[in-house]
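Just so we're aligned, residue 726 is where the sequence shown starts under our numbering, counting upward by one.
The beta-carbon is built from N, C-alpha and C at its ideal position, and this holds for glycine as well.
Comments concern the structure below.
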Amino acid sequence: MSDQPLLMDETSVDQESLPMPRYSFSRLFPIYGANLYTSDLPLQQVLKFFNTAASSEKVLQDVGQIAGTEVLEVADYVDRLARPLLHQSDVWGQRMDWVRIAPAHQNLLDRLLSLGIVYRTFRDQGAWPLHYAMGYLVSDPGLYCTLTVTNQTAYGIFKYGAADLRERFLPHYLEQDGRKAWFGATYYTETQGGSDLGANRAQARPDGGRWQINSVDKYFTSNVGLADAALVTARPEGAPAGPRGLALFLVPALREDGSPNYRIRRLKEKLATRAVPTGEVEMEDAEAYLLGEASQGIYLALEVLSVARLANAVGALGNARKAQLAAYAYAKKRHTFGRSLVEHPLIQKDLLEMELLLQGNLLLAFYAVDRFQAVWQQTPPYSPEFWYARFLNHLSKNVTAQAGVEITRRAMEMWGGIGFMEDFPLARFHREALVMPIWEGGSHIQALDMLETLVRKQVHQHWREDMVERLNGLASASEAGRLAGQALEKGWQQIQQVLQASPHQAQYQAGQLLNRLAQITAAVLYLQWAEQQAERLAEVPWNVLAESFLRWQLHGRAPAATLAEKVAELYSVLFPGL
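What follows is the structure, encoded as structure tokens:
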């Protein structure tokens, strides 16, 4: 073991810069108190690039302030001391199946609902960039999961509920008073299938004007016990086996007589995401309402899943941003070997690469959001534009999750020994990041679903046209543009090779292809964005950053040391007030 002290001593930190009062939370979380929206210039400029309405500015500032204070405190407290608690029975021995959360936890969720993280999306006819920007700022996976599955539930009712169902349930999800608004959930996964929804055994049968569902094992039910209603996959009687036999249902938490509509068997112990209760559910003649047409259920279920995959992408990056900024705040004050950490070349390289990863992936994620915004009101059978949006969804979900793990790992390492200690935030940020590659379908599922869009929907034609048009639209020819064009052609060749391969070989190569196409897309978007930014904010070397990302991600060349030397100056412009 190292003989260097794990804890900071009086010679290693600028003591005069430490905040007061003595027991301030910012002594544990160096970014505490910052407005995480106004302090994040790249986020602001990415949103402008995709034309997010200027009217969103005030609410984003409000959420940014909460994200830099209350969210940090509540997420940390819940993770350590106040995990959701399941009450299966009341004092009279009657089943209640209710999950209790800490008052501060409840108040924070209510406050975010009141700010419109769910209702604005539907009242404003699809303000999806605003929703996902708010999600990026909140980003704590446990807290944001509750809000995401609530948004998914509202989405299912809004888009596919019959008129009477919408009238009965939708107002609860569009309620502007967060204390009165309902929570939602999604219950898809079963033990025997996991991501293989076609293996679902839950059965549904008509019961007058509604349905009844029986299921012994909905195994990974996020937000259980908080949800007032959930979206559930089940197989109607007589429907074929496999995914095409599934239908999508709305299942209230309570029956019409007020008794529990299903039983919660237990809550799960998890490495992270402890703020969201995750459990196991049993249903016995649960009252349910069909959404859309039963024969289209798998398409509707996957469409709803796309909403969560985009949330996964922005949440992974928001969590990584907090870790990155905490690392930078520490590196400015921590001194080793006679100088601050931020003056060491390898630390400069890490900080630069972390920012390049975040900017490139942020552009990719919000481009996927932008394309979803354009098609979200479509219903089956979908247009080519819808399938292109889904293709981008798979790309962004996968690489943002990977980037989140890598950035939080580097940030934790930058803190050294105390980064590994649960007393401080970096360990939890990294723990939280680890779920992102797993949630909403792991990397293999994303690769196979992406492959399906190529084989069955030929979205690669749309992708190539999109990328070529963006490169041709650059104002001036450059070496970076030429390199991006070369990478695009190589990516196109890789697509052709996969499509001509046997099914076995195509699946084997799908993961590598997924990551490559994501890198190319992010690099092209970065070049286009940087050119626009250079006209607005000349004090940041946007074009140099974009070219550095491209050479690093597509050609394996590390960013130049001369650029990394200026990382402290760069961060001071990108993150004012930190």
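For N1240, the three-state secondary structure derived from DSSP is helix.
Under the three-state reduction of DSSP, G1004 is assigned to strand. In this structure A1271 touches L1252 by the C-beta definition: roughly 5 Å separates them, less than 8 Å. Note: Q937 is bridge-paired with R930, E1012 in the DSSP secondary-structure output.
Put simply, the segment 975–990 does not touch the segment 840–852. Fewer than three CB pairs are less than 8 Å apart.
Ranked by Cα distance from G886, the options L1025, Y987, D787 are led by L1025. Per the DSSP secondary-structure output, Y912 pairs in a beta bridge with V957. For W1140, the secondary structure class from DSSP, reduced to helix, strand or coil, is coil. Using a 10 angstroms sphere on the CB of T871, the tally of other CB atoms reaches 16 or more, which defines it as buried.
DSSP places F754 outside both helix and strand once states are collapsed to three, so it counts as coil. Beta-bridge partners of L1076 (DSSP): none assigned.
For V863, the closest C-alpha among the options V1265, G1210, S1201, Q790 is that of Q790.
When the alpha-carbon of S920 is set against those of N1197, I1163, E1290, the nearest one is in I1163. For R990, no alpha helix (DSSP H) run applies; the uninterrupted beta strand (DSSP E) run containing it begins and ends at 988–992, by DSSP. Taken through DSSP and simplified to helix, strand or coil, W823 comes out as strand. With a beta-carbon spacing of about 22 Å, I882 and L868 fall beyond the 8 Å limit used to define contacts. Where H812 is concerned, the enclosing beta strand (DSSP E) starts and stops at 810–814.
The beta carbon of R904 sits closer than 6 Å to the beta carbons of D835 from its chain, once the five residues preceding and following it are set aside; these are given in chain order. According to the DSSP assignment, A972 belongs to the beta strand (DSSP E) that extends over 972–977.
Taking one beta carbon from each stretch, the segment 1212–1231 and the segment 1143–1150 have fewer than 3 pairs nearer than 8 Å; the two do not touch. 8 Å or more divides the Cβ of Q937 from the Cβ of T911. In the displayed model, S947 falls within a strand according to three-state DSSP. Secondary structure at P854: helix, using DSSP grouped into helix, strand and coil. Remark: C-beta atoms of L1303 and A759 approach each other more closely than 8 Å. Within the same chain, Cβ atoms closer than 6 Å to the Cβ of T1125 are found at A1038, A1041, L1042, N1086, A1090, the five residues on either side in sequence being excluded.
Ranked by Cα distance from I1220, the first of E1204, A1200, I1245, L1199 is I1245. In this structure, L951 is the residue among L1016, G983, A1036, L951 with its C-alpha nearest to the C-alpha of G1004.
Rounded to whole angstroms, the separation of the alpha carbons of A1000 and V799 is 9 Å.
E1264 places its beta carbon 8 Å or farther from that of Q1073. Under DSSP, the beta-bridge partners assigned to T1061 are R1064. Per DSSP, L996 lies in no alpha helix (DSSP H) and is assigned neither H nor E.
From the listed residues H1119, M1137, H1185, V957, the smallest Cα separation to G1167 is found for H1119. By the Cβ-count criterion, W853 is buried, with 16 or more other Cβ atoms from all chains shown falling within 10 Å of its own Cβ.
As DSSP reads the structure, P985 sits in a beta bridge with L979. In this structure, DSSP gives D942 an extended state, which the three-state scheme calls strand. Linking L1077 to Y1113 through their CA atoms gives a straight-line distance of about 32 Å.
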